[in-house]
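Colleague: Input: one structure, supplied below.
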Amino acid sequence: MKHDTSASPPSSSPDTGRGLLAVRGVSKDYTSVHGETVHALDDVNLTVDEGEIIAIIGPSGCGKSTLLRMIAGLDDDYDGEIAWERPPRPGRDIGFVFQEPALLPWRTVEGNVRLGIEVQKERLDRADERVATLLELVGLSGFAKSFPKELSGGMRQRVAIVRALAYDPRILLMDEPFGALDAITRDRLHDDILRIWEETRKTIVFVTHSVEEAAYLADRVVVMSPRPGRLQAVHQVPLDRDRSPATRELPEFARFVGMLRGELR
Ligand SMILES: Nc1ncnc2c1ncn2[C@@H]1O[C@H](COP(=O)(O)OP(=O)(O)OP(=O)(O)O)[C@@H](O)[C@H]1O
Ligand SMILES: [Mg+2]
39 MKHDTSASPP SSSPDTGRGL LAVRGVSKDY TSVHGETVHA LDDVNLTVDE GEIIAIIGPS
99 GCGKSTLLRM IAGLDDDYDG EIAWERPPRP GRDIGFVFQE PALLPWRTVE GNVRLGIEVQ
159 KERLDRADER VATLLELVGL SGFAKSFPKE LSGGMRQRVA IVRALAYDPR ILLMDEPFGA
219 LDAITRDRLH DDILRIWEET RKTIVFVTHS VEEAAYLADR VVVMSPRPGR LQAVHQVPLD
279 RDRSPATREL PEFARFVGML RGELR
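Structure (structure tokens):
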């Protein structure tokens, strides 16, 4: 089934604002090259509210990327429905960040971010200003004229994130965006994401293998079961929205991380 925009809109959950989209009864089968059926997702139900940050965790192969790709509209071959409060405009309302930053090597940092704006022609007049603002947000103003090969992995990932934000999508979807980075760079990018969220209040759904990352960034953490992926639990993160490096030292942070780790076992 395709993105269902005619179905009833998602209702919001009581403690977080307005419903943006609802995944309802979504199941997915793949057929392998040998003709075997792989039951990847089973009856997944999830409502995403506007402005919230959701982390999806679960064992390898449980269908996290599959679910994210369906929300993104990159795969519309599934059972069930994904209902949006307002129909997403293709290439405009959904920003996607892949695990490996897919930058154009022949464009500068600035040129790569600008690409996000060029896809929607009416905003071109203020493109330069917007590119500058976005690069500043992630501390890359000094590298606007650099090429991707001249950047570190973490810098490239920051460019990919602000490029996805450049066209002002309604939702930012990220599939293990920090997976390939060292711990220090990861922590920096976490704080970049929190700052971006402070400025833009974007709805963010991201997949991660790190329970600390999920707990530090998210409002809610979705735990998926081994294949076929089901939602094993959805947890409200028991921390203030204001997060900072000191959050990682709090006993309630450690307790929550420990609880998530236990659930994954
Ligand atoms: N194109 C495909 N054809 C056949 N099977 C697929 C395809 N894509 C994914 N699968 C299968 O579906 C299941 C879920 O895959 P998916 O990539 O969504 O898992 P994941 O949770 O993102 O795993 P990881 O944490 O390793 O990235 C896996 O068993 C995988 O082998
Ligand atoms: Mg994956």
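My numbering runs 38 ahead of the 1-based position in the sequence shown.
C-beta: ideal position from N, C-alpha, C; glycine also.
These figures come from a predicted structure and were not determined experimentally.
1) What I want to know is whether the C-beta of Asp213 ends up closer than 7 Å to one or more non-hydrogen atoms of ligand 2.
2) Let me confirm a value: Asn83 is counted as buried when at least 16 other C-beta atoms fall within 10 Å, else exposed. Which label applies?
3) When DSSP labels each residue in this structure, what does Lys187 get in the three-state scheme?
4) When every heavy atom of ligand 2 is checked, does at least one fall within less than 7 Å of the C-beta of Val245?
5) Start and end of the beta strand (DSSP E) containing Val64?
6) Go to Trp122, then tell me how far its beta strand (DSSP E) extends in each direction, as first and last residue.
7) Around the Cβ of Arg168, are there at least 16 other Cβ atoms within 10 angstroms (buried) or fewer (exposed)?
8) Quick check on the burial criterion: 16 or more other C-beta atoms within 10 angstroms. Buried or exposed for Gln195?
9) Could you give the DSSP three-state label for Val157: helix, strand or coil?
10) Applying the 10 Å Cβ sphere with the 16-neighbour rule, what's the burial state of Asp87?
Modeller: Well, looking at it:
1) Yes; taking the cut-off as 7 Å, the Cβ of Asp213 has a heavy atom of ligand 2 nearer than that.
2) Result: exposed.
3) Look at Lys187 here: in three-state DSSP terms it is helix.
4) Yes; taking the cut-off as 7 Å, the Cβ of Val245 has a heavy atom of ligand 2 nearer than that.
5) From DSSP, the beta strand (DSSP E) with Val64 extends over 57-69.
6) Its beta strand (DSSP E) spans residues 117-122.
7) By the neighbour-count criterion, in which a residue is buried when 16 or more other Cβ atoms sit within 10 angstroms of its Cβ, Arg168 is buried.
8) Residue environment for Gln195: buried (at least 16 other C-beta atoms within 10 angstroms of its C-beta).
9) Here Val157 carries a coil assignment [DSSP, helix/strand/coil].
10) Taking all protein chains shown into account, Asp87 has 16 or more neighbouring C-beta atoms within 10 Å of its C-beta and is therefore buried.
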